[in-house]
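Note sheet for the following structure.
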Amino acid sequence: MLSLRPRALSGLRKAQPRLALRSAWICPSCRSSPAAVQRWSSSSRSSAGSGSEKPYYITTPIFYVNAEPHIGHLYTMVLADVIKRWQQIKGKDAFLCTGTDEHGMKIQRAAAKHGMEPKEFCDGNSIKFRELAAAADISNDFFIRTTDQEHKDAVEKFWLHLKHATPESLGLYKGVHEGWYCVSDECFYPQDMVRPSIAPQTGKKIMVSAETDNEVEWVKEETWFFPLTKYKDALLKMYDENPGWIRPAHRMAEARDWIENHLEDLSVTRPAARLNWGVPDPEDKAQTIYVWVDALVNYITKAGYGSKWHSAKEDMGLWPADLQVIGKDILRFHTVYWPALLIALGLPVPRGYLCHSHWTMSNRKMSKSLGNVVNPFFAIQRWGVDPLRYFLMRNGSLNKDMSYSNKLIGAVYMKELQANIGNLFYRIAKPKSSSRWSTLEAVAAHRNGDLSAWAETHGPSASADATYFSLEGHLAKCAVAFGKEMDGYNTSGAIREIFELLRETNRYLSDTRPWDLVKKKDAESRVLLNWVIFHSAEALRIAGILLQPIMPTKASELLDALGVGPDRRTAEFAAKGKDADYGTESKPAEPTPRMRKWDTLFPPTPSADLSDDELLQHLRVALEDKTKNKMNQMAELLAMEARMGEKAVAKLLADEHAARVGARQP
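Mapping to the UniProt record's numbering: the sequence shown position 55 is 55, numbers consecutive.
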């Protein structure tokens with residue numbers, strides 16, 4: 001947990017403010033002072049608070065509205081939403097803020113290009129991001145627009161505070177800025193961060209950012225500056241004392257390198273003659289506040305800054321943010337500029353950052369010119385919102401760029417959702433009419449002590465009985481391992497734990513064969529049947545609880561169908577035996593109509609044939625003796641993988657496929 005001790009600011013607050021405070025614009029409690037700095041701690045509540053735990057506050061970046069949403073925006077939203085929902089099922093109050101960034105030169109130029117006023121242009125694109133959040137089932141509590149009056153008021157207060165309430169040499173000063181400016185990135189770059197290039201469309205020689213490859217232009221203008229270099233020691237001290245502040249670690253090193261080697265004072269206004277689409281300096285209408293200062297303030301706007309509180313002496317409500325989710329391209333703005341600005345005002349910095357990588361299309365950078373940009377709305381329609389959320393969290397990475405393709409999604413959908421979760425669910429909770437078992441009866445047998453009585457006399461030591469106990473270890477460790485991965489923001493690792501549990505459960509069913517036990521009439525076989533069904537149902541129940549943050553609708557459907565009460569779906573119930581009051585009745589004995597595929601938990605998709613063709617071909621050849629049903633083949637594959645390991649099964653299938661195909665050759 002981040003702890004910013006006052007000594008990190010040694011030497012920064014000795015001078016007296018150089019400008020007299022204007023009583024008309026700021027209250028005395030807003031003035032930065034040594035006392036305010038003493039209150040700096042993002043690991044505790046404000047001293048004005050009641051001492052109760054602060055709600056969990058997580059943010060996404062606010063998305064720039066110069067273009068429509070893409071799959072990267074969707075991923076960021078889902079990642080933040082999953083983390084928020086995870087905090088909620090652990091029993092915490094949690095709040096999520098997202099929104100749109102609507103000021104700056106890019107917007108001004110894009111609107112002009114479309115023959116529109118900037119506000120009209122922003123209105124049209126901002127609503128698309130709001131609609132994407134709704135379509136993706138994002139449980140955001142706030143949706144902020146930087147054109148909201150509430151936010152513009154907060155920016156003005158923040159600006160005047162920087163201008164008037166900071167000690168001499170540590171607050172804003174006016175000067176002439178000359179350097180390389182990038183409109184696309186909305187920032188200046190030092191000389192060592194630009195290089196010559198050729199514009200691909202025109203062949204013209206240009207200068208570009210070495211970091212982003214976007215074109216830069218030489219600009220000389222009078223602006224206000226924030227003395228970022230004066231905060232170097234404080235920033236480095238903070239980094240030293242909080243080694244896990246930015247995840248993953250190599251992003252922490254990247255941000256630190258910028259502080260150590262590239263830090264310059266920050267130009268924080270643009271001449272209004274060049275940029276008028278933004279928040280003007282309330283005291284100098286010839287200057288427009290830098291879009292990144294404007295944008296970063298959004299995080300504290302929705303936490304109440306400027307409307308409910310003004311300084312760290314007051315109860316800051318949700319602030320500081322517990323986690324800010326960002327992409328790797330905006331790392332510097334959030335982990336260098338933003339904390340330095342907060343330091344200047346004596347406000348606590350965020351408790352942590354999660355910096356993710358970018359998505360590519362089949363390992364190629366997404367580009368409109370290449371025609372490989374993924375439309376997130378179409379992707380949701382094509383695959384369904386929960387399966388797409390599952391895929392993004394399963395294949396998401398903090399360490400490297402991620403590949404998006406329909407073939408990858410199709411393979412995950414069929415193997416992990418249809419076969420591993422969906423097929424297992426229907427085998428256990430909705431068996432065929434000829435299989436007279438029910439989860440209700442099995443859970444009742446557990447509650448009444450029938451199962452524990454059998455276990456006392458039949459331990460796993462006897463080889464004949466060992467199979468029935470082979471799921472115990474997996475049930476015991478899944479939730480703990482899942483929680484560890486989620487607390488470390490490794491959604492892919494967390495999903496892997498669920499997959500392993502359910503694959504082992506598929507193997508367990510294949511080994512214990514409840515469809516044979518149900519045919520036997522003796523009492524012990526019935527106990528054994530209930531033992532198998534209970535343990536399998538427990539795996540599904542635990543998985544359903546843990547999957548709620550990732551697939552909220554599908555997990556809810558699964559838990560509903562298992563008869564799990566709404567009040568028993570928190571993380572504390574995600575353990576074997578924690579809920580002894582769920583289950584559903586068995587089906588009537590007479591034959592019932594076969595369930596239609598479109599009514600299943602994970603129905604067929606129009607692109608289901610885009611899963612791994614080679615794997616399916618191997619399955620058809622290697623497993624056709626056992627079953628010709630594709631879903632049963634996939635279930636058998638999962639059971640084989642659980643017994644032998646994925647690599648061994650892949651080799652076995654490949655060898656058997658090659659042998660059989662070879663044998664058929666003339």
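Using N, Cα and C, we set each Cβ at its ideal position, and we do this for glycine too.
Since the model is a prediction, treat every value here as computed from it, not as a measurement.
Short of 8 angstroms in beta carbon distance, which residues of its chain neighbour residue i, apart from the five on each side in sequence? Order them along the chain.
| i | result |
| --- | --- |
| P55 | K92, D93, A94, F95 and L318 |
| residue 739 | Residue 739 lies beyond the stretch modelled for the chain, which goes from 1 to 666, so this question has no answer here. |
| P606 | Below a pLDDT of 50, predicted positions are generally treated as unreliable, and P606, at 48, falls in that range; the measurement from the model is reported next regardless. Excluding residues within five positions, the ones whose Cβ falls inside 8 angstroms are R382. |
The beta strand (DSSP E) spanning residue i covers which residue range?
| i | result |
| --- | --- |
| G99 | A94 to D101 |
| C361 | Before going further, note that residue 361 is Met rather than Cys in the sequence given. W359 to M361 is the span of the beta strand (DSSP E), which, as asked, contains M361. |
| Y353 | Y353 to H356 |
| V194 | V194 to I198 |
| F333 | Per DSSP, F333 belongs to no beta strand (DSSP E) and is neither H nor E. |
| P271 | T269 to P271 |
| I206 | K205 to S209 |
| E178 | Y173 to C182 |
| I138 | Taken as a continuous stretch (DSSP letters only), I138 belongs to no beta strand (DSSP E), as it is neither H nor E. |
| Y189 | C187 to Y189 |
| residue 669 | This structure does not reach residue 669, given that the chain is present from 1 up to 666, and the question cannot be answered. |
Beta-carbon separation of residue i and residue j under 8 angstroms?
| i | j | result |
| --- | --- | --- |
| P376 | P350 | no |
| L424 | G563 | no |
| V532 | T512 | yes |
| P549 | L398 | no |
| L540 | I380 | no |
| F225 | L172 | yes |
| L451 | F534 | yes |
| N125 | V65 | yes |
| A442 | G583 | yes |
| D81 | I127 | no |
| residue 667 | N298 | Outside the displayed range of the chain (1 to 666) lies residue 667, so it cannot be described from this structure. |
| P514 | W454 | no |
| V302 | C478 | Note that residue 302 is Lys in the sequence shown, not Val. For K302 and C478, no; Cβs fall outside 8 angstroms. |
| P167 | E222 | no |
| A580 | R389 | no |
| L341 | L296 | yes |
| A255 | T335 | yes |
| D322 | Y489 | no |
Identify, in the order they occur along the chain, each residue of the same chain with its Cβ nearer than 6 angstroms to the Cβ of residue i, setting aside the five sequence neighbours on each side.
| i | result |
| --- | --- |
| K484 | none |
| K152 | V279 |
| G493 | E485 |
| S229 | Per the sequence presented here, residue 229 reads as Thr, with Ser not at that position. Cβ within range, chain order: L263 and D265. |
| P200 | none |
| A24 | Caution applies to A24, whose pLDDT of 35 falls short of 50 and renders its modelled position unreliable; the value that the coordinates give is listed next. Nothing listed; no residue qualifies. |
Opposite residue i in the DSSP bridges: which residues?
| i | result |
| --- | --- |
| H73 | In the DSSP output, where bridge partners are listed per residue, H73 has none listed. |
| D284 | D281 |
| H250 | Per DSSP, none; premise fails for H250. |
| K230 | The partner list for K230 (beta bridge, DSSP) is empty, contrary to what the question assumes. |
| T59 | C97 and Q324 |
| F469 | Per DSSP, none; premise fails for F469. |
| W309 | Y305 |
| I144 | G99 |
| K365 | T360 |
From what residue to what residue does the alpha helix (DSSP H) around residue i run?
| i | result |
| --- | --- |
| S452 | D450 to T457 |
| E131 | P118 to A135 |
| F499 | T491 to T512 |
| Y299 | N298 to T301 |
| S536 | A523 to L546 |
| residue 677 | The requested residue 677 does not occur in the structure, where the chain is confined to residues 1 to 666. |
| M393 | V385 to N395 |
| T439 | T439 to R447 |
| Q418 | That residue, Q418, is in no alpha helix (DSSP H); it is neither H nor E in DSSP. |
| Y426 | L424 to A429 |
| R109 | M105 to K113 |
| Q201 | From DSSP, Q201 is part of no alpha helix (DSSP H); its letter is neither H nor E. |
So, at 7 angstroms on beta carbons, what are the nonlocal neighbours of residue i in its own chain, with the 5 sequence-adjacent residues on each side left out?
| i | result |
| --- | --- |
| A36 | Summary for A36: the model assigns pLDDT 32, below 50, so the residue's position carries little reliability; its value from the coordinates is reported in the next sentence. Result list for A36: S311, A312, K313 and G346, in chain order. |
| K232 | I259 and L263 |
| I330 | P61 |
| I71 | W359, V374, P376, A379 and Y404 |
| T147 | E102, K119 and C122 |
| E186 | G104, M105, K106, V291 and W292 |
| K205 | P196 and I198 |
Using a Cβ-Cβ distance cut-off of 8 angstroms, determine whether residue i contacts chain B.
| i | result |
| --- | --- |
| D101 | Looking at the structure shown, chain B is missing, and only one protein chain is on hand. |
Tell me whether residue i, by its Cβ, gets closer than 7 angstroms to a heavy atom of the ligand NAD.
| i | result |
| --- | --- |
| S169 | Among the components modelled here there is no ligand, and therefore nothing to report on the ligand NAD. |
Touching by the beta-carbon criterion (3+ pairs, under 8 angstroms), the region 560-580 and the region 77-92: yes
Meets three-Cβ-pair contact criterion under 8 angstroms: the region 281-291 and the region 235-243: no
Segment contact, 8 angstroms Cβ cut-off, at least three pairs: the region 181-200 with the region 142-159: no
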